[in-house]
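See structure below.
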Amino acid sequence: MKNQIHDLLHGAVQQLTRDGLLPEDTQVAIQVDRTKDKAHGDFAANTALMLAKPARRKPREIAEALVAALPESTAVDRVEIAGPGFINFFLSRDAAFQPVRDALDQAEHYGHAEPGSGQRMLVEFVSANPTGPLHVGHGRGAAFGGALCNLLAAAGHRVHREYYVNDAGRQMDILATSVWLRYLEARGESIRFPDNGYRGDYVRGIATALAASDGDRLRHPAATVMADLPADAADGGDKETHIDALVDRCRGLLGEEAYRQVFDRALDTVLDDIRDDLAGFGVTYDEWFSERSLTSNGAVDQGLQRLQDRGELYEQDGAIWFRSSTYGDEKDRVVRRDNGAITYFASDIAYHLNKLDRGFDQIIDIWGADHHGYVPRVKAALTASGADAGRLDVRLVQFAILYRGSERMQMSTRSGQFVTLRELRDEVGTDAARFFYVMRKPEQHLDFDLELAKSRSAENPVYYVQYAHARICSVFRQLSEKGLQHDEAQGLANLERLDNEREQALVTAVGQYPELIRTAALAREPHQLAHYLRELANAVHTYYNAHQFIVDDAALRDARLCLVASAQRVLRNGLGVLGVSAPEAM
RNA sequence: GCCCUGGUAGCUCAGCUGGAUAGAGCAACCGCCUCCUAAGCGGUAGGUCGCAGGUUCAAAUCCUGCCCAGGGCACCA
Numbered sequence: 000m001k002n003q004i005h006d007l008l009h010g011a012v013q014q015l016t017r018d019g020l021l022p023e024d025t026q027v028a029i030q031v032d033r034t035k036d037k038a039h040g041d042f043a044a045n046t047a048l049m050l051a052k053p054a055r056r057k058p059r060e061i062a063e064a065l066v067a068a069l070p071e072s073t074a075v076d077r078v079e080i081a082g083p084g085f086i087n088f089f090l091s092r093d094a095a096f097q098p099v100r101d102a103l104d105q106a107e108h109y110g111h112a113e114p115g116s117g118q119r120m121l122v123e124f125v126s127a128n129p130t131g132p133l134h135v136g137h138g139r140g141a142a143f144g145g146a147l148c149n150l151l152a153a154a155g156h157r158v159h160r161e162y163y164v165n166d167a168g169r170q171m172d173i174l175a176t177s178v179w180l181r182y183l184e185a186r187g188e189s190i191r192f193p194d195n196g197y198r199g200d201y202v203r204g205i206a207t208a209l210a211a212s213d214g215d216r217l218r219h220p221a222a223t224v225m226a227d228l229p230a231d232a233a234d235g236g237d238k239e240t241h242i243d244a245l246v247d248r249c250r251g252l253l254g255e256e257a258y259r260q261v262f263d264r265a266l267d268t269v270l271d272d273i274r275d276d277l278a279g280f281g282v283t284y285d286e287w288f289s290e291r292s293l294t295s296n297g298a299v300d301q302g303l304q305r306l307q308d309r310g311e312l313y314e315q316d317g318a319i320w321f322r323s324s325t326y327g328d329e330k331d332r333v334v335r336r337d338n339g340a341i342t343y344f345a346s347d348i349a350y351h352l353n354k355l356d357r358g359f360d361q362i363i364d365i366w367g368a369d370h371h372g373y374v375p376r377v378k379a380a381l382t383a384s385g386a387d388a389g390r391l392d393v394r395l396v397q398f399a400i401l402y403r404g405s406e407r408m409q410m411s412t413r414s415g416q417f418v419t420l421r422e423l424r425d426e427v428g429t430d431a432a433r434f435f436y437v438m439r440k441p442e443q444h445l446d447f448d449l450e451l452a453k454s455r456s457a458e459n460p461v462y463y464v465q466y467a468h469a470r471i472c473s474v475f476r477q478l479s480e481k482g483l484q485h486d487e488a489q490g491l492a493n494l495e496r497l498d499n500e501r502e503q504a505l506v507t508a509v510g511q512y513p514e515l516i517r518t519a520a521l522a523r524e525p526h527q528l529a530h531y532l533r534e535l536a537n538a539v540h541t542y543y544n545a546h547q548f549i550v551d552d553a554a555l556r557d558a559r560l561c562l563v564a565s566a567q568r569v570l571r572n573g574l575g576v577l578g579v580s581a582p583e584a585m
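Mapping to this note's numbering: the first sequence position 98 is 97, numbers consecutive.
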């Protein structure tokens with residue numbers, strides 16, 4: 000509908016240009032907005048105000064000329080000029096009810112663009128290191144990313160959901176070593192656990208399983224393991240030096256093959272847990288992309304070679320550096336350390352080149368806000384490689400700070416002190432958690448109060464929206480209990496009977512859904528949908544309280560049922576995009 | 001020091017590609033169940049949109065400076 004108004008205005012502007020009232024080269028973006036006040040009609044345009052300066056005429060004069068030049072349309076009942084020169088459009092009754100017909104006709108497709116009509120997009124999100132279970136911080140990325148993917152898909156884009164698995168690198172070695180040490184404990188060795196090891200209970204769990212399956216096969220005496228290691232932090236040494244030495248010791252004693260077995264055991268167990276956890280949260284992926292594969296198939300070397308060939312690398316202090324500063328980064332960055340190891344950044348360059356090579360129109364990365372300083376160097380690497388960095392869109396999500404009542408909860412994967420996503424799901428439920436996460440815009444710090452989220456009270460907005468849906472379902476149950484049927488055709492033929500204020504408001508809300516999906520997808524802002532659904536639910540509840548739907552007048556009854564059914568449809572579609580269920584009863 | 005993000009009602013937040021009297025939830029107060037689920041609805045009260053300039057017919061929204069709060073500035077991932 001908004002588009003139709005837009006087209007009408009566009010026609011009028013062209014007409015005025017032909018008539019010489021507007022300069023030939025006038026460029027003005029035609030804006031059509033929903034009005035806040037019904038007295039201003041259904042839609043308003045500020046076009047005359049925008050044209051006033053280039054046309055050097057008074058806004059109201061231009062408005063009058065525009066209105067006179069508007070092409071005929073059955074959708075518009077009348078047009079008014081108001082205030083400084085706004086053009087207000089009042090829809091015809093027939094056009095105003097179109098959303099109800101559309102929602103019932105198009106059902107699960109209502110408001111959603113033709114699948115595949117948009118771009119091919121790759122969205123990478125969560126991608127937490129598989130060094131432990133997901134915690135509530137990751138939950139936000141999962142909820143946001145999952146909802147964003149659904150939203151983009153609803154807007155017609157072909158979305159590829161991807162999780163980047165950091166299955167290489169030092170942190171994973173530390174995890175493998177931590178597991179091995181706990182395994183040794185389980186086999187009766189008495190070891191001193193390193194300060195910088197992973198201390199979570201899940202590490203013991205993996206170790207216990209390993210002890211059960213492999214017995215003493217991987218066992219070495221504690222004295223041998225700990226012999227001649229540099230001191231740990233608690234003993235006045237450095238925890239990093241200590242843990243690195245311990246990792247080397249682990250590797251050396253086990254041998255590469257056995258070490259790899261422990262490593263993969265840890266990786267697979269944690270990754271399975273993550274996969275299962277996310278699936279339970281309603282988030283699934285098309286691809287789990289292995290970082291290790293980039294090294295083993297030579298992609299990392301190729302990526303570096305590509306930069307090398309373009310003269311973007313240089314050697315200094317024994318390390319190899321990338322000239323990221325010439326492409327907007329603060330300083331140059333190391334891609335290969337003096338010990339020969341490639342950096343995380345080097346594999347990330349290869350990964351992003353790989354993503355672009357796969358032919359996506361748009362690459363969206365969802366990162367924690369603490370990685371923001373990382374954006375310029377990745378873009379720099381793409382540009383320096385001759386790729387189009389403009390196709391990469393990095394979205395930063397602020398951390399969620401967890402509270403239990405007024406008590407702030409500290410979280411650290413290393414120390415093993417954190418609330419897991421699984422615990423959150425168990426405690427507050429997937430629906431409430433996902434809605435809660437996605438209500439806030441991502442760049443806002445999120446205070447996640449566990450007590451509030453799990454309270455099954457009115458304070459919890461997810462129930463408010465779900466309840467609106469359940470109530471409508473209940474109305475239809477009541478209808479059949481009374482032995483009545485909904486004659487949809489008769490209802491649609493009598494939509495003009497829906498003439499009270501509440502009904503108008505609800506029709507309008509239903510009609511906003513398609514443009515909301517479009518706008519929210521463009522802005523990559525699922526929270527807009529959450530807020531919209533709240534408003535829609537409010538319109539439903541208000542209507543419900545003010546009017547009986549199941550009335551004796553069959554024509555009116557059927558019309559009202561068409562309206563609430565259209566609202567039910569939108570609630571279901573919209574909640575689906577957010578990954579929240581639409582229960583039939585509560 | 002530099003960079004990013006916030007600063008809007010008592011609290012938690014929308015609104016920010018500039019538009020007509022600044023919105024919602026919670027908390028407070030007053031009403032509404034012989035009636036399709038009261039997990040609901042209506043109403044009242046509550047605001048120097050951090051501060052100061054600037055651009056504009058029009059600024060919470062754009063620009064500049066400043067003040068607060070959080071985060072980031074690795075040959076870690």
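C-beta: ideal position from N, C-alpha, C; glycine also. All values derive from a computational prediction rather than experimental measurement.
{"Item": "Buried or exposed by the 16-neighbour rule on C-beta atoms within 10 Å, applied to residue 107", "Value": "exposed"}
{"Item": "Alpha-carbon to alpha-carbon, residue 287 and residue 125", "Value": "11 Å"}
{"Item": "Range covered by the beta strand (DSSP E) that runs through residue 364", "Value": "361 to 367"}
{"Item": "Residue 1 and residue 514 closer than 7 Å at C-beta", "Value": "yes"}
{"Item": "From 19, 395, 581, residue whose alpha carbon lies closest to that of residue 368", "Value": "395"}
{"Item": "Separation of residue 339 from residue 382, as counted between CA atoms", "Value": "25 Å"}
{"Item": "CA-to-CA distance, residue 399 to residue 72, given in whole angstroms", "Value": "50 Å"}
{"Item": "Closest by C-alpha distance to residue 419, when choosing among 449, 437, 438", "Value": "449"}
{"Item": "Coil, strand or helix - residue 159 by DSSP", "Value": "strand"}
{"Item": "Burial state of residue 592 (16 or more Cβ within 10 Å)", "Value": "Absent from the structure is residue 592, since the part of the chain shown begins at 0 and ends at 585."}
{"Item": "Residues of its chain near residue 461, where Cβ-Cβ distance is below 6 Å and the 5 sequence neighbours each way are ignored", "Value": "430, 431, 434"}
{"Item": "Contact under 7 Å by Cβ, residue 74 with residue 3", "Value": "yes"}
{"Item": "Local conformation of residue 81 per DSSP, three classes", "Value": "strand"}
{"Item": "Where residue 188 falls: helix, strand or coil (DSSP)", "Value": "coil"}
{"Item": "Classification of residue 350 by the beta-carbon crowding that lies within 10 angstroms, buried from 16 upward", "Value": "buried"}
{"Item": "Cβ separation of residue 571 and residue 581, assumed to be a contact under 8 Å, to the nearest whole Å", "Value": "4 Å"}
{"Item": "Per DSSP, cross-strand counterpart(s) of residue 315", "Value": "318"}
{"Item": "Bridge partner(s) assigned by DSSP for residue 446", "Value": "400"}
{"Item": "Helix, strand or coil at residue 471 according to DSSP, with G and I counted as helix", "Value": "helix"}
{"Item": "Coarse secondary structure for residue 134, derived from DSSP in three states", "Value": "strand"}
{"Item": "Touching by the beta-carbon criterion (3+ pairs, under 8 Å), the segment 238 to 245 and the segment 208 to 221", "Value": "no"}
{"Item": "Helix, strand or coil at residue 87 [DSSP, three-state]", "Value": "strand"}
{"Item": "C-alpha distance - residue 523 paired with residue 281, whole-angstrom precision", "Value": "19 Å"}
{"Item": "For residue 426, three-class secondary structure by DSSP", "Value": "helix"}
{"Item": "At least 3 beta-carbon pairs within less than 8 Å: the segment 250 to 261 vs the segment 88 to 104", "Value": "no"}
{"Item": "Environment of residue 176 [buried if 16+ CB atoms lie within 10 Å]", "Value": "buried"}
{"Item": "Residue range of the unbroken beta strand (DSSP E) whose run includes residue 289", "Value": "286 to 289"}
{"Item": "Beta-carbon spacing of residue 210, residue 233 below 7 Å", "Value": "no"}
{"Item": "Test item: CB-CB of residue 290 and residue 212 under 7 Å", "Value": "no"}
{"Item": "Separation of residue 111 from residue 436, as counted between CA atoms", "Value": "23 Å"}
{"Item": "Range of the contiguous beta strand (DSSP E) that encloses residue 32", "Value": "31 to 33"}
{"Item": "Buried versus exposed, by CB contacts within 10 Å (16 or more), residue 585", "Value": "exposed"}
{"Item": "The segment 313 to 327 touching the segment 187 to 196, judged by at least three CB pairs closer than 8 Å", "Value": "no"}
{"Item": "Stretch-stretch touch, CB-based, cutoff 8 Å, three pairs: the segment 531 to 546 with the segment 115 to 125", "Value": "no"}
{"Item": "Proximity to residue 264 [Cα-Cα], best of 302, 334, 22, 171", "Value": "171"}
{"Item": "Limits of the beta strand (DSSP E) - the one that residue 12 falls within", "Value": "Where residue 12 is concerned, there is no enclosing beta strand (DSSP E), although the alpha helix (DSSP H) it sits in stretches over 1 to 17."}
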